[in-house]
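Colleague:
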Amino acid sequence: MAHDDELAGIGDRLRAIRESRGMTLRAVSGACGISISTLSRLESGSRRAQLDLLLPLARLYRLPLDDLVGAPALGDPRIHPRPRLRDGVVTVPLSGGTGSWEAFKQVHPPSPDKPIRQWVHPGWDWIYVISGRMRLLLADDDLIIGAGEAAEFDTRVPHGFGNPGPDALEVLCLFNAQGARVHTRASA
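In terms of the numbering used here, the sequence shown is residues 4 to 191.
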């Protein structure tokens with residue numbers, strides 16, 4: 004429940020930041036490309052705050068994403084992950100990239116008509132769908148993975164994924180170049 008309380012406060016925080024800069028919803032909409040209606044619902048708390056909405060606002064307000072949402076300081080203070088935007092996909096590194104496992108979160112816009120390129124490389128991938136739907140190509144298999152589901156596979160198998168839409172796709176990815184698999188433990 005504390006998590007829900009934190010999320011509920013994001014809308015008020017976004018409104019306060021916008022108003023402190025003397026900006027209207029119309030001005031923010033024009034600068035970010037987010038509709039006035041979506042911005043209003045985001046500020047009122049009736050729209051869930053997602054990375055594809057928060058990143059343009061963070062850029063506009065020139066604030067780190069953590070400051071924009073009022074996130075508590077966590078983890079190693081020397082690690083400052085910077086979101087990257089490439090081909091419309093936002094990638095946020097979650098690990099320092101120095102261990103055997105790399106963790107990152109990605110947000111993919113809907114792209115049902117975009118061809119999915121398959122890759123082959125040493126390693127092991129584990130991908131968890133936070134929200135939306137993921138189209139996963141594994142060799143000749145064509146799969147749809149929904150929110151709350153995960154896929155785990157050897158990256159020496161041709162693979163690629165995309166967002167068939169209609170909503171943004173948020174995924175958590177764990178990758179190990181040495182081929183180690185994810186181990187989970189079931190409670191008794």
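Note that CB positions come from ideal geometry on N, CA and C, so glycine has one too.
No experiment lies behind these values; they were computed from the predicted model shown.
When the Cα atoms are used, what is the spatial distance from residue 142 to residue 175?
Modeller: Here residue 142 refers to the residue found at position 139 of the sequence shown. Here residue 175 refers to the residue found at position 172 of the sequence shown. Approximately 22 Å between the Cα atoms of the pair.
Colleague: If we ignore side chains and look at the alpha-carbon of each, how far apart do residue 62 and residue 51 end up?
Modeller: For this step, residue 62 is matched to residue 59 along the sequence shown. For this step, residue 51 is matched to residue 48 along the sequence shown. Straight-line Cα distance between these residues: approximately 19 Å.
Colleague: Do residue 112 and residue 135 have their CB atoms nearer than 7 Å?
Modeller: Translated into positions along the sequence shown, residue 112 becomes position 109. Translated into positions along the sequence shown, residue 135 becomes position 132. No, Cβ-Cβ distance for residue 112 and residue 135 is not below 7 Å.
Colleague: Can you tell me the Cα-Cα spacing of residue 165 and residue 87, whole angstroms?
Modeller: By one-based count along the sequence shown, residue 165 stands at place 162. By one-based count along the sequence shown, residue 87 stands at place 84. Cα to Cα, residue 165 sits roughly 17 Å from residue 87.
Colleague: Starting from the N-terminal side, write out each stretch of the beta strand (DSSP E) that is 3 residues or longer and does not extend beyond the stretch 94 to 119.
Modeller: 104 to 111
Colleague: Just verifying my parser: in three-state terms, what is the DSSP assignment at residue 134?
Modeller: Here residue 134 refers to the residue found at position 131 of the sequence shown. If DSSP states are grouped into helix, strand and coil, residue 134 belongs with the strands.
Colleague: Once you ignore the five residues that flank residue 108 on each side, which residues in its own chain have a CB closer than 8 Å to its CB?
Modeller: Numbered from its first residue, the sequence shown carries residue 108 at position 105. Taken in chain order, the residues that qualify are 54, 94, 95, 97, 133, 173, 174, 175, 176.
Colleague: Looking at the secondary structure, which residues open and close the beta strand (DSSP E) in which residue 149 lies?
Modeller: Residue mapping note: residue 149 aligns to position 146 of the sequence shown, counting from 1. From DSSP, the beta strand (DSSP E) with residue 149 extends over 144 to 149.
Colleague: State the beta-bridge partners of residue 166 as determined by DSSP.
Modeller: Taking the sequence shown and counting its residues from 1, the one referred to as residue 166 is at position 163. When beta bridges are read from the DSSP output, residue 166 appears opposite no residue.
Colleague: Please state the DSSP three-state secondary structure of residue 39.
Modeller: Mapped onto the sequence shown, residue 39 falls at position 36. Of the three classes helix, strand and coil, the one that applies to residue 39 here is helix, per DSSP.
Colleague: Are the C-beta of residue 47 and some C-beta of chain C separated by less than 7 Å?
Modeller: Any reference to chain C falls outside this structure, which holds one protein chain only.
Colleague: Counting C-beta neighbours from all protein chains within 10 Å, is the total for residue 70 16 or more, i.e. buried, or is it exposed?
Modeller: Residue numbering aside, residue 70 sits at position 67 when the sequence shown is read from its first letter. Result: exposed.
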